[in-house]
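Colleague: Quick one: the structure is below, and I'll ask about it shortly.
Residue numbers (my numbering): 1 to 902.
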């Protein structure tokens, strides 16, 4: 048994993970106690990583035109077809679309191949969808894509402001760090600014439920208030910034006007302004609620303006902190993974950059052919494919048919593209049907390289297991294709440490006062020459890493010196803009999209751990009670959201946490898991003109009920499923369980004969049946050779028993007589339903928790002691607190023990 330290592959927090490997199996994970990002903490997704592994459902062979081939044939075909396209249509007819899931070494060689040697600028990444506006904002203000803060600043701040970030669900380890810091420092305050009252509000001292899209009005108003109340740091402004007068002139407005624009209580707004202006040590943490907007860059700069004007930057516990969505979005930006970047934080317009990179990448016999201007950003790229301008596209580790807006248009573009190459590790995704060539890639626990988290910390992601079948590492695939294309000298790497070493050398190449004015902030030249052993042992470290800072750099701009030509930070004049996806009589509701607690992106990894499916098992929509009443939809009923470009079918969750006139839906469900619940189908392809980031938080939709005649739950063993005829229903959702699949079904047409329907759907005869024709309720079971093969209930999901008992029966080789008699009931005699799962770590249900509260466990600590809920990752604590508040009136006081002596 061995233990290996690696890095979590989910969000941008970049938590350290200690993995236990025994007999070739990764059997357990826990938080790395020494990693500075998490100090042993893990969220529920990270703690379930070992449950997502295994060869089932993995791509294991290269495939060309639908036929499995050898790697030799696949590589030569890729090279031949790319060369054919370039010969016929030119270098710019070839493109690549990458992912923040790739390691830095993968990213580096992909960027080098496409921009450096294929001569196309059209290489972009799905980081465009989450971080591009934050990047553009930093570059406009600081001269570089440089996050000034670190995670310790969140703990040292006097005030933390969360803007457009549900940190409790999307970056739960950081949320827990802030929570602990607040417990240690009672004077520390937290403000949450978000249209939704999310679980992050659980520890908030102030909540501002602003109108969607009003962020720039809010922070312009803050800047004006600081000036009006003489709360500016005039010395800092004069010494270290420029553009203040224009920024202030654009921001001038009264607090009353700001409150009206943001639709918030004026007194609460005034409180926020006073807290921010009165404290020096302020961190503003912002994420997709700010970035995913047609004016996201301006919103970022409106936030940064306030920090510069107050001198709240370059200090412990201070700064504008953009929190990254993906595990290596920052690493991708370091190597040039965005279409407007070149390499090593150099852009096309950086003086001398094209020549510098060309000279660095040149070999004895090869000269790079770098393009002279930026390429197409993500949405533009697929529009160019639709126009026929791009003829060949290589997609790596991402699924644009789900994540990009106006998904139907993306699918149509891919159908039209003559050559689509896909590098992927999952065997079943919505993208693969569009691929001409499929290349099986390695995944987490197999890949070996580095990632960079949100605080600029480079960490190792270490390979522990062999990839299944013929799957290969992305860097290897790219390099082998490059060799087939004739670029052997430039891509003759034997190990990822050699790629990292070259990446480090490029970061420091001619990066000094003589050659670069100003110096490039991204510099990891202090990591050159590690060798294989040093690379393998590399401990987490924050860039810049140089001879002057060999142990890394925790915080930037401490001396007030920025990466601009004159060394000054720039305040921008911001003119707020409302969302471009306008509401109308036909589409009167504002749509918000986002991640949920236990899932990640398109669920290709998280859905492999069945316990992660229990918290929110089906696609849903959060709706305010008033909007539900107007639309005629009910809690836990089915409904349809319609937009100009598509529709979304899901279960309704009526919630007072939603503002009136607004709806929230999750981004995770794909056609592999449900019918018509892709959030991207509701979003138009409108982008920020500067960053190219889509306006994914501001759709316009209408809400109507899905009027179904019946609903049913089907459980069916994995070994039984050959076809899924029930997917013709008006609504279906597939929920993976251990050894079986759960299907939630509903249809607008009645079923007149359920026995005939079962015969058409399922193999074998019905073994046990109970039917009430008057109520339309039915339960049926299929048993074959003593094994439970399927179980069906016609009725509402609320009538289901707890499914853990049935899950266990599906995994038994032979049913006992006692269990066989209880199959229709779906539980043991006298068993109590535990209710929907609240704590995913320990699988504790809502009913169990409510009962414990009613018997006197009316604190988080008491519930944890009895049920263990809330004791691991802590993500469920806000829900536990809500349940305590709901059930407290019904709770019985616990009797203190009688200590009197007789």
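Glycine residues also receive a C-beta, built at the ideal position from the N, C-alpha and C atoms.
Since the model is a prediction, treat every value here as computed from it, not as a measurement.
Work out the CA separation of residue 884 and residue 895 for me, nearest whole Å.
Modeller: In this predicted model, residue 895 has a pLDDT of only 43, less than 50, meaning its place in the structure is not dependable; the value taken from the coordinates is given anyway. If I take the Cα positions, the gap works out to 19 Å.
Colleague: Within this structure, are the beta carbons of residue 826 and residue 834 separated by less than 8 Å?
Modeller: No, the pair does not count as a contact, with Cβ atoms beyond the cut-off.
Colleague: Could you give the C-beta distance for residue 903 and residue 766, rounded to a whole number, given that I count them as a contact under 8 Å?
Modeller: Outside the displayed range of the chain (1 to 902) lies residue 903, so it cannot be described from this structure.
Colleague: Would you grab the beta carbon distance between residue 470 and residue 62 for me? Rounded to a whole angstrom, and I think it's under 8 Å.
Modeller: The pair is a contact, with the Cβ atoms about 7 Å apart (cut-off 8 Å).
Colleague: Using a 10 Å radius around the Cβ and a threshold of 16 neighbouring Cβ atoms, would you call residue 391 buried or exposed?
Modeller: So residue 391 ends up on the buried side.
Colleague: What is the rounded straight-line gap between the Cα of residue 291 and the Cα of residue 840?
Modeller: Straight-line Cα distance between these residues: approximately 30 Å.
Colleague: Answer with buried or exposed for residue 597, where buried requires no fewer than 16 other C-beta atoms within 10 angstroms of its C-beta.
Modeller: When all chains shown are included, residue 597 counts as buried.
Colleague: Inspect the beta-carbon positions of residue 581 and residue 662 and report whether they are closer than 8 Å.
Modeller: For residue 581 and residue 662, no; Cβs fall outside 8 Å.
Colleague: For residue 504, which option in 105, 210, 731, 359 has the closest C-alpha, if you only look at C-alpha atoms?
Modeller: Nearest of 105, 210, 731, 359 to residue 504, Cα basis: 105.
Colleague: Around the Cβ of residue 759, are there at least 16 other Cβ atoms within 10 angstroms (buried) or fewer (exposed)?
Modeller: Burial call: exposed.
Colleague: Between residue 127 and residue 333, how many whole angstroms is the CB-CB distance? I'm expecting something under 8 Å.
Modeller: Indeed, because the Cβ distance is near 7 Å, the residues count as touching under 8 Å.
Colleague: Which value, in whole angstroms, describes the spacing of the CA atoms of residue 611 and residue 734?
Modeller: For residue 611 and residue 734, the distance between alpha carbons rounds to 14 Å.
Colleague: Check whether the Cβ atoms of residue 800 and residue 809 sit closer than 8 Å, and answer yes or no.
Modeller: For residue 800 and residue 809, no; Cβs fall outside 8 Å.
Colleague: Who are the near neighbours of residue 311 in its chain, counting only those whose CB is closer than 6 Å to its CB and skipping five residues on each side?
Modeller: Taken in chain order, the residues that qualify are 233, 236.
Colleague: If I measure Cβ to Cβ from residue 784 and keep anything under 6 Å in the same chain, skipping five residues before and after, which residues do I get?
Modeller: Closer than 6 Å at Cβ, skipping near neighbours: 764.
Colleague: Report the residue ranges of all alpha helix (DSSP H) runs contained in full by the segment 599-650; include only those spanning at least 4 residues, in chain order.
Modeller: Runs of the alpha helix (DSSP H) inside the segment 599-650: 625-631.
Colleague: Quick check on the DSSP output: the alpha helix (DSSP H) that includes residue 850 runs from which residue to which?
Modeller: Residue 850 -> alpha helix (DSSP H) spans 846-854.
Colleague: Go ahead and label residue 320 buried or exposed: buried means 16 or more other beta carbons lie within 10 angstroms of its beta carbon, across all protein chains shown.
Modeller: By the neighbour-count rule (16 or more Cβ atoms within 10 Å), residue 320 is buried.
Colleague: Would you list the one or two residues that DSSP bridges to residue 737?
Modeller: According to DSSP, which records beta bridges pairwise, residue 737 is partnered with 740.
Colleague: Considering only their Cβ atoms, is the gap separating residue 705 from residue 631 smaller than 8 Å?
Modeller: For residue 631 and residue 705, yes; Cβs fall inside 8 Å.
Colleague: Tell whether a beta-carbon distance below 8 Å holds between residue 870 and residue 811.
Modeller: In this structure, residue 811 does not lie closer than 8 Å to residue 870 by Cβ.
Colleague: Going by the DSSP bridge assignment, what does residue 570 pair with across the sheet?
Modeller: Paired residues: 242.
Colleague: The alpha helix (DSSP H) that contains residue 22, what's its start and end?
Modeller: Residue 22 -> not in any alpha helix (DSSP H); beta strand (DSSP E) instead, spanning 16-22.
Colleague: If contacts are defined as beta-carbon pairs under 8 Å, then residue 439 and residue 423 qualify, I think. What distance do you get, rounded to the angstrom?
Modeller: Residue 439 to residue 423, Cβ: 5 Å. Contact.
Colleague: Determine whether the Cβ of residue 641 lies closer than 8 Å to any Cβ atom of chain D.
Modeller: Absent from the structure: chain D. Only one protein chain is present.
Colleague: Tell me the residue span of the alpha helix (DSSP H) that contains residue 199.
Modeller: No alpha helix (DSSP H) holds residue 199; DSSP gives it neither H nor E.
Colleague: By a C-beta neighbour count over all protein chains shown, 10 Å radius and 16 as the cutoff for buried, is residue 188 buried or exposed?
Modeller: Buried, because 16 or more other Cβ atoms sit within 10 Å of the Cβ of residue 188.
Colleague: Go to residue 456, then tell me how far its beta strand (DSSP E) extends in each direction, as first and last residue.
Modeller: No beta strand (DSSP E) contains residue 456, which DSSP labels as neither H nor E.
Colleague: Could you give the C-beta distance for residue 108 and residue 381, rounded to a whole number, given that I count them as a contact under 8 Å?
Modeller: 20 Å between Cβ atoms; not a contact.
Colleague: Nearest to residue 559 by alpha carbon, out of 151, 404, 528, 313?
Modeller: The option with the nearest alpha carbon to residue 559 is 313.
Colleague: Can you tell me the Cα-Cα spacing of residue 421 and residue 394, whole angstroms?
Modeller: Approximately 5 Å, taken between the alpha carbons.
Colleague: Quick one: complete alpha helix (DSSP H) runs, 4+ long, within the segment 36-63?
Modeller: Counting only runs of 4 or more, we get 44-47.
Colleague: Taking the continuous alpha helix (DSSP H) assigned at residue 720, which residues delimit it?
Modeller: No alpha helix (DSSP H) contains residue 720, which DSSP labels as neither H nor E.
Colleague: Have a look at 798, 625, 731 and flag the residue whose alpha-carbon is nearest the alpha-carbon of residue 673.
Modeller: Closest option to residue 673, Cα to Cα, is 731.
Colleague: Suppose contacts are defined by Cβ-Cβ distances below 8 Å. Is residue 649 in contact with residue 676 by that definition?
Modeller: Yes; because the gap between Cβ atoms is below 8 Å, this pair is in contact.
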